[in-house]
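> My questions will all concern the structure given below.
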Amino acid sequence: MNFRKFLADKFIPVVISLCAWLIIWDFLSAFHIKSGQIFIIGIIYFTADIIKTLWEYFRRKTFYTTLVSDTETLDKKYLLSAMTESPDFYEGQIFYEILCETNKSMCDNVAEYRRHSTEFQEYIELWVHEVKLPVASLLLMCHNNPEKSEKYSKQLRRIDECIENVMYYVRSENAEKDYLIKEVSLKRAFNASAVKNREELQQRNVVLKTKNLDITVMTDSKWLEYIMGQIIGNSMKYFSDDREPEINIYSVETDDNVILHMRDNGIGIPTSDLPYIFEKSYTGENGRTHAKSTGMGLYIIKKLCESLGHDVKAESVQNEFTDIIITFGKNNFIKFK
Amino acid sequence: MSKIYVVEDDKSIRTELAELLKNAGYEAECLTDFSDSKRHIIESESDLILLDINLPSVNGETLLKEIRRETDTPVIMVTSRTSETDEVLSMSYGADDYITKPYNPTILLLRISAVLKRSSKENIKTSYRNLQVNTAKGSLSDGTDELVLTKNEMIIFQLLLDRQGQIVSRDDLMTTLWDNEEYINDNALTVNISRLRSKLSDFGCENAIETRKKQGYILI
């Protein structure tokens with residue numbers, strides 16, 4: 004709180020006070036009071052005025068300075084009203100009450116949206132379980148009636164993939180912590196996603212090479228399987244026609260981390276696109292010229308990795324390779340977000 | 008023949024599951040009255056139970072916990088819930104495996120057979136013709152000589168042996184190999200089969216594996 008600005012704000016009261024003093028002075032002179040006495044009265048009058056102004060200033064200063072510095076230092080500024088105490092002067096109290104009131108109203112408003120969002124997420128999760136039943140049923144029917152069923156199963160697996168995408172998108176967007184972190188074997192997780200994608204990998208004659216996967220990391224196995232499946236799916240979209248498609252899956256262990264590489268020999272990512280590939284809805288050159296892309300896959304992977312406390316990045320040389328690298332912290336080095 | 012009890016409230020999945028199991032040579036029985044599931048399940052005296060989590064009037068996990076108090080029949084949880092929490096909970100309540108819908112039917116059958124083997128309700132064949140099969144060592148022996156198979160060949164031979172006399176499709180062989188972390192392609196499978204054939208015939212088992220066109224292979 005700036006004293007000069009405070010005084011400038013008090014311009015009118017000061018003018019009124021001066022006018023009043025002029026009238027008093029005039030009045031006292033009319034009664035032939037000695038100028039020495041008028042001077043003493045004047046000193047008393049103005050000293051009282053100054054003390055009054057200073058007192059007003061300091062009373063407000065404590066309250067407003069705390070308010071301003073709290074606002075500046077607070078990470079979540081909407082918590083201000085909870086940090087502030089009601090002041091001992093009237094206008095401040097009015098202001099404080101209004102602050103609390105608007106804050107409460109905003110909280111209610113936010114809670115309302117949060118409730119909507121949670122309800123929506125719950126409904127989506129429910130819907131996903133629901134819609135998986137007919138898909139499961141149809142897959143069984145295809146298997147039980149093998150004539151021509153291969154192409155039907157293939158489409159069903161595509162539907163299932165779309166359903167999973169919706170589910171993990173909802174999970175990644177929501178703050179709800181519905182994952183469970185425990186020791187997961189990279190070998191097992193990769194095996195699950197490889198078996199799930201076997202038909203397509205085989206159709207495209209993809210060579211899978213695994214190395215050093217006999218290691219455990221702290222993660223949620225379901226999420227990791229999904230992430231690996233997505234990366235395999237991406238690789239399959241962007242293989243080069245000139246060479247035999249190949250994906251190398253291997254891990255490197257350091258003192259603090261386990262680093263998982265999933266490296267394909269596909270068409271790679273243009274250097275100009277590389278910094279943006281994990282951004283929402285970013286499709287880039289490959290997404291436009293090659294396979295159709297929604298720009299959501301890598302974004303979801305990034306969000307899931309962030310929630311789990313893993314680091315994910317991509318390295319690539321165009322027309323040579325794309326390497327998606329996930330870094331898992333070791334035990335106590337995991338930072339939960 | 009092992010008897011499998013299907014606890015699944017979706018009628019269409021239930022019927023298809025029963026058919027799948029019957030085609031695979033199991034006896035399948037389905038629960039249709041969910042009012043007293045626990046009693047029905049226990050009275051069925053099955054060799055294995057396929058249990059759904061979302062059941063009318065009772066939660067599959069609770070049911071599993073109750074079943075476990077009375078019997079140690081193997082249970083495979085089959086569910087559309089894909090969260091780690093559900094899986095960990097089910098396993099801690101004593102489930103033998105956990106599979107999420109929609110599952111690959113071949114994998115479901117593989118898991119069933121693996122669980123049955125573990126609980127040794129299914130006879131493990133350890134001999135073929137006059138040969139002793141040593142899965143752990145990956146070899147066959149006729150008492151004097153030993154025939155060493157590669158890991159892939161052993162997996163293929165074991166599956167064919169388990170279903171001796173039945174046709175095993177290439178798809179089943181592939182799924183089994185991939186499930187065992189052998190990510191081989193179509194050509195490699197053909198190569199592996201022909202190598203296995205010649206090894207067997209060198210060892211005195213002529214025409215052990217027959218090819219059924221467009222269907223698969225059969226171990227005679």
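If you read the sequences in order, they're chains H and S.
Okay, so the first sequence: first residue is 4 according to this note's numbering, each after it adds one.
Okay, so the second sequence: first residue is 8 according to this note's numbering, each after it adds one.
Note that beta-carbon positions come from the ideal geometry of N, C-alpha and C, so glycine has one too.
#1: Who are the near neighbours of S:G67 in its chain, counting only those whose CB is closer than 6 Å to its CB and skipping five residues on each side?
#2: Pull the bridge partners of S:A4 from the DSSP assignment, please.
#3: If H:I272 and H:Q233 are in contact, beta carbons under 8 Å, what's the gap, nearest whole angstrom?
#4: Grab me the residues of H:I235's own chain with a C-beta within less than 8 Å of its C-beta, minus the 5 sequence neighbours each way, in chain order.
#5: Roughly how many angstroms separate the alpha carbons of H:T65 and H:T87, rounded to a whole number?
#6: Should S:K158 go down as buried or exposed, given a rule of 16 or more other Cβ atoms within 10 Å for buried?
#7: Looking at the strands, I want to know which residues DSSP matches up with S:T218.
#8: Hey, H:T213 and H:I262: beta-carbon distance below 7 Å or not?
#9: Check the Cβ-Cβ distances between S:Y190 and every residue of chain H, and say whether any is below 7 Å.
#10: Comparing C-alpha positions only, which one of H:C145, H:T105, H:F98, H:D223 sits nearest to S:S19?
#11: Considering only their Cβ atoms, is the gap separating H:F193 from H:I230 smaller than 7 Å?
#12: Using beta-carbon positions only, say whether H:A317 and H:K240 come within less than 7 Å of one another.
#13: If distances are taken between C-alpha atoms only, which option among H:D78, H:P16, H:L141, H:Y99 comes closest to H:E59?
#14: For S:Y105, which residues in the same chain have their Cβ closer than 7 Å to its Cβ, ignoring the five residues on either side in sequence?
#15: So, at 6 Å on beta carbons, what are the nonlocal neighbours of H:I327 in its own chain, with the 5 sequence-adjacent residues on each side left out?
#16: Measuring CB to CB, does S:L55 end up less than 7 Å from S:L166?
#17: Taking C-alpha atoms, which residue in H:S89, H:N268, H:T257, H:S238 lies nearest to H:E247?
#18: At what residue ranges does the segment 49-99 of chain S contain a whole run of the alpha helix (DSSP H), taking only runs of 4 or more?
#19: Using the rule of at least 16 other Cβ atoms within 10 Å of the residue's Cβ for burial, across every protein chain shown, is H:D223 buried or exposed?
#20: DSSP three-state call for H:D267: helix, strand or coil?
#21: Comparing the C-beta of S:D17 with each C-beta of chain H, is any distance below 7 Å?
#22: Count the other C-beta atoms from every protein chain shown that fall within 10 angstroms of the C-beta of S:I74, then say buried if there are 16 or more, exposed otherwise.
#23: CB-CB under 8 Å to H:E186, same chain, minus the five flanking residues each way: which ones, in chain order?
#24: Taking C-beta pairs closer than 9 Å, name the residues in chain S that H:Y155 reaches, listed in chain order.
#25: Can you give me the C-alpha to C-alpha distance between S:T78 and S:N141, rounded to a whole angstrom?
#26: Starting from the C-beta of H:V131, find all residues in its chain whose C-beta is less than 7 Å away, skip the five residues before and the five after it, and write them out in chain order.
#27: With 16 as the cutoff for other CB atoms within 10 Å, does S:K112 come out buried or exposed?
Let me spell this out:
#1: L58, D59, I60
#2: Residue coverage of chain S in this structure runs from 8 to 227, which leaves residue 4 of chain S outside it and unanswerable.
#3: Contact flag wrong, Cβ pair sits at about 15 Å.
#4: S196, A197, N200, L204, I250, M265
#5: 12 Å
#6: exposed
#7: S:Y224
#8: no
#9: yes
#10: H:C145
#11: no
#12: no
#13: H:P16
#14: M84, E94, S97, M98
#15: I234, M265, A317
#16: no
#17: H:N268
#18: As far as the segment 49-99 of chain S is concerned, its whole alpha helix (DSSP H) runs of at least 4 residues are 67-77, 91-99.
#19: buried
#20: H:D267: strand per DSSP, three-state reduction.
#21: yes
#22: Its Cβ being crowded by 16 or more others within 10 Å, S:I74 is buried.
#23: T219, V220, M221
#24: Those within 9 Å of H:Y155 in chain S number zero; the least Cβ separation is about 13 Å.
#25: 32 Å
#26: I166, V169, M170
#27: Residue identity check: residue 112 of chain S is Pro in the sequence provided, not Lys. Buried is the call here.
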